[in-house]
Amino acid sequence: MMETLLDAFPTLALLAWEPPGWGANLMRGLGNSLQIALGAYALGLLIGTFGAFGKLHGGPVTRDLLAIYTTVVRAVPELVLILILYFAVTDLVNQGMVAMGYARVQVSGVAAGIAVLGVVQGAYSVEVIRGAIMAVPAGQLEAAKAMGMPPLKTAWRITLPLMLSNAIPGLANLWLIATKDTALLAIVGFAELTLQTRQAASSTKAFLTFFLAAGILYLLVTLLSGVIFGRIEKWARRGQRNHGAGQ
Amino acid sequence: MKNLMLTTIAVLSLGTAAMAETIKVGIASEPYPPFASPDAAGNWVGWEVDMIGAVCKAAELDCVITPVAWDGIIPSLTSGQIDAIMASMSITADRMQTIDFSDKYYNTPTVVMTAKGSGIAPTDEGLKGKILGVQVSTVHQDYAQTHFKDAEIKLYQTQDEANQDLVAGRIDATQADSIALDAFLKTDAGACCEIVGAVADDKDILGLGVGVGLRKGDDALKAKFNAAIAKIVADGTYEKVSAPYFASSIYGG
Amino acid sequence: MSQSDTPKFWQTHRIVLAMFGAAIVVLCVLFLRWDWLPKYLPLIGEGIWRTLWLLAVTSVLGFLLAIPLGLAQAAGPWYLAGPARVFCTVIRGTPLLLQLWLLYYGLGSLFPQFPAIRQSELWPYLRQAWPYAVFALTISFAGYEGEVMRGAFKGVAGGQLEAARAMGMPRLTILRRIWLPLAIQRALPTLGGETVLQLKATPLVATITVVDIYAVASRVRQDTFIVYEPLLLLAVVYMVITGLIVLAFRWFENRVPSRVA
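Residue numbers (my numbering), protein chains in the order written: chain H, 1 to 247; chain G, 1001 to 1253; chain D, 2001 to 2261.
See the structure below:
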């Protein structure tokens, strides 16, 4: 079976794990992609949580600044933002260091990638989390207040669990965007899956084989994430009467 | 807290100063055989990679090879993500306005490659109405836009992709370094094509050979690179590194 | 702009913020390099035109493709619903950049094996990059919007369709006169957002040699070694186009009667 496949498509041998196969390279790229996606997602959630809080409870200046942040980031292509942030942020950090009399620091590719994609993710997270918090029934919060629950405890015990089930579909979507946006880092030369694929394809001229293989890897990540987020949503909705979106 | 952070950074920077100086040498993340390309094991191999090793050893520098996207390699240098560029970058007046260069470490002619029997000459006349593919932000792009005004010019991220489109018949010709195109012609895919000749020289655009790109003002590093290049050329290391790749020296006159 | 019932837009802090913003703009104009602008103005115009053209063509084609994709998933038999579902999942599950490269370079590597393709009448088009860009962006839009249309078709109230059926309306007429308009009306609010996302996807075509506004900015960066100014210009151009899209859809939505229960 394997051999007939190889006879029909000799380029499949290029996907082998050991050199001369490029399989290990692709998996390294996938590892890098996932690492950046996870980091950027976490950073995005952090920004999103504080941003949503700021948009809901902050002063007028905070609210307007956050509005500018989310509007600008969502209006400009990620590719352009990545280029601006990638060069500008490292440049500013280094100019600051030199101005203070210190040596230049080297910003690693991973750190820069996480920071850049995290800022982009943050803008979307703010909106998802804000929407989810606003969808928490007011009666629940009033009940908590009436019972004399302190505000922090209300946030932890009432708002967060109720908000989570609302937010999960949006957050799942954001995670998928994060994994796919890592491909854009190929443009700045970061060795994630898409760039590794392009290098392998260029070197071996087996363009179709490698791009298809990478497509399958991305698809597996998407499908697997779908299963995991489905579980999480089920868990977050435990104890709620209407399962799924009320149709 | 802030003090603590600053102290840590200070210690770190002292630490790097005390060791044999570590610098990041940027290469293009796009494969550019036979100078620098990744192999199936994920290592960067090629003449230029070996040359980086030899130069850094002679300069007593601890060099870390850092792949950067070619079209962002100069901003990466000026913004401090890398400290030097050794990516077959030609020394040109245009680039000298932004960055500095060491002395050259190789110099090869620029040629045009077409499909076999195309009858295209490497002149403006010959390329009139044809589609010429070049790699973006290279001397070849600059040259083609200046001298081949009657050709349609298509820009590629990598020379490999331009070659690929020549094979596919989407472009009529591509202009690049003779060594890089020679290497392509030796592959299976290269059977389609041939080099039709060198372009007329234009030192202002094509430059004075390939040098190490450095930040302006990094004169100490520049002196180190210059001394190291002179040393390896003089003591035969240069020939030894080149022998497995090239039949004749590519140092150029 | 006088709204008496809503809070005043020009509150004190907003005036201060706007002054800050204006100061930043003035600083950018004065201290950054813009001397390259006149020379590249014609190219920039062409680039913007090509971006808008790509956006318009691929959004319209993609939306037309999304209707059957959504309908097949919402109400089609399994042999239509299955492939439509797989198509949407694959498109949404892989990066557009990869799809683009797969189409352009992957297919490009097949051409030499079939000399017939080069002799065919389609070759002058297959030779260029823009058909691949249009195709990739179209199926991408169709994949995302097909998912939206699936929900929209499913969400149309059953009573409406039953009423039409009870009146003896033929099935195709029901689809044309009742189901489709109601579904599009439901999908309209997301359509603006999807179009903005599509705009943000267009710069990727620069990587397969299509010269859109992003490619023009890259060219400026490479010709002049100026890093930030062309990128800032790009950001402004995309923000303006996004603003126009949002306004256009708001105007459009206001014209469509929306009395949804």
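Idealized CB from N, CA, C, for every residue including glycine.
This one's a predicted model, so the numbers in the text were calculated from it and none came from an experiment.
Judged by DSSP secondary structure, residue 1241 of chain G falls within the alpha helix (DSSP H) whose first and last residues are 1237-1242. Within the segment 2102-2124 of chain D, the residues whose Cβ lies closer than 7 Å to some Cβ of chain G are 2105, 2108, 2109, 2111, 2112, 2118, listed in chain order. The C-beta distance from residue 113 of chain H to residue 36 of chain H rounds to 5 Å, short enough to meet the 8 Å contact threshold.
Taking 7 Å as the threshold, the shortest C-beta distance from residue 1033 of chain G to chain D does not fall below it. If you check each beta-carbon in the segment 171-198 of chain H against every beta-carbon of chain D, the ones closer than 9 Å belong to 176, 179, 180, 181, 182, 183, 184, 186, 187, 193, 194, 197, 198. Residue 1099 of chain G and residue 1139 of chain G have their alpha carbons spaced roughly 15 Å apart. Distance from residue 1157 of chain G to residue 1136 of chain G at the Cβ level is roughly 6 Å; contact confirmed, criterion being Cβ atoms closer than 8 Å. Excluding the 5 residues flanking it on each side, residue 69 of chain H has same chain C-beta neighbours closer than 7 Å at 123, in chain order.
Taking 7 Å as the cut-off, the beta carbon of residue 1025 of chain G is found no closer than this to the beta carbon of residue 1106 of chain G. Closer than 7 Å to the CB of residue 1144 of chain G there is not a single CB belonging to chain H. The C-beta separation of residue 2209 of chain D from residue 2097 of chain D comes to about 14 Å, leaving the pair out of contact by the 8 Å criterion.
Per DSSP, the beta bridge partners of residue 1175 of chain G are G:1112. For residue 2115 of chain D, the closest of G:1169, G:1087, G:1080 by C-alpha to C-alpha distance is G:1169. Between residue 2256 of chain D and residue 2185 of chain D, the beta carbon gap of about 6 Å places them in contact (Cβ cut-off 8 Å).
Taking C-beta atoms under 8 Å as the contact rule, residue 86 of chain H and residue 188 of chain H qualify, at a distance of about 5 Å. With 16 or more other CB atoms across the displayed protein chains lying within 10 angstroms of its CB, residue 2149 of chain D is buried. DSSP, read as helix, strand or coil, puts residue 1188 of chain G in coil. For residue 17 of chain H, no Cβ of chain G is located within less than 7 Å of the residue's own Cβ. Taking the Cα positions, residue 2034 of chain D is about 30 Å away from residue 1088 of chain G. Burial is judged here by how many other beta carbons sit within 10 angstroms of a residue's own beta carbon; residue 166 of chain H has at least 16 and is buried. Residue 2024 of chain D counts as exposed, since fewer than 16 other beta carbons sit within 10 angstroms of its beta carbon. Residues 116, 184 of the same chain have their beta carbon placed closer than 6 Å to that of residue 82 of chain H, with the five preceding and five following residues left out of the count. Within chain G, no C-beta atom comes nearer than 8 Å to that of residue 113 of chain H; the closest sits roughly 12 Å away. For residue 14 of chain H, same chain residues with a beta-carbon under 8 Å away, outside a window of 5 residues either side, are 20, 21, 22, 200, 204, 206, 209, 210 in chain order.
Under the 7 Å criterion on CB atoms, residue 2127 of chain D is classed as interfacial with respect to chain G. Taking every protein chain shown into account, the CB of residue 1161 of chain G has 16 or more other CB atoms within 10 angstroms, so this residue is buried.
For residue 1190 of chain G, not one C-beta of chain D is nearer than 7 Å to its own C-beta. Per the Cβ contact rule, the segment 1058-1069 of chain G is not in contact with the segment 1179-1199 of chain G (fewer than 3 Cβ pairs under 8 Å).
Of all residues in the segment 74-96 of chain H, only 87, 90, 91, 94 come within less than 7 Å of chain G when Cβ atoms are compared, listed by chain position.
Excluding the 5 residues flanking it on each side, residue 130 of chain H has same chain C-beta neighbours closer than 7 Å at 52, 55, 56, in chain order.
Distances from the CA of residue 109 of chain H to each of H:89, H:120, H:95 were compared; the closest alpha carbon is that of H:89. Counting only Cβ-Cβ distances below 7 Å, residue 1098 of chain G has contacts in chain D at 2225, in chain order. In the structure shown, residue 169 of chain H adopts helical secondary structure according to DSSP, grouped into three states. A distance below 7 Å between beta-carbons, with the five flanking residues on each side excluded, links residue 7 of chain H to no residue of its chain. In this structure, the alpha-carbon of residue 197 of chain H lies about 35 Å from that of residue 1221 of chain G.
Counting along the chain, residue 1091 of chain G sits inside no beta strand (DSSP E), nor does DSSP assign it H or E at all.
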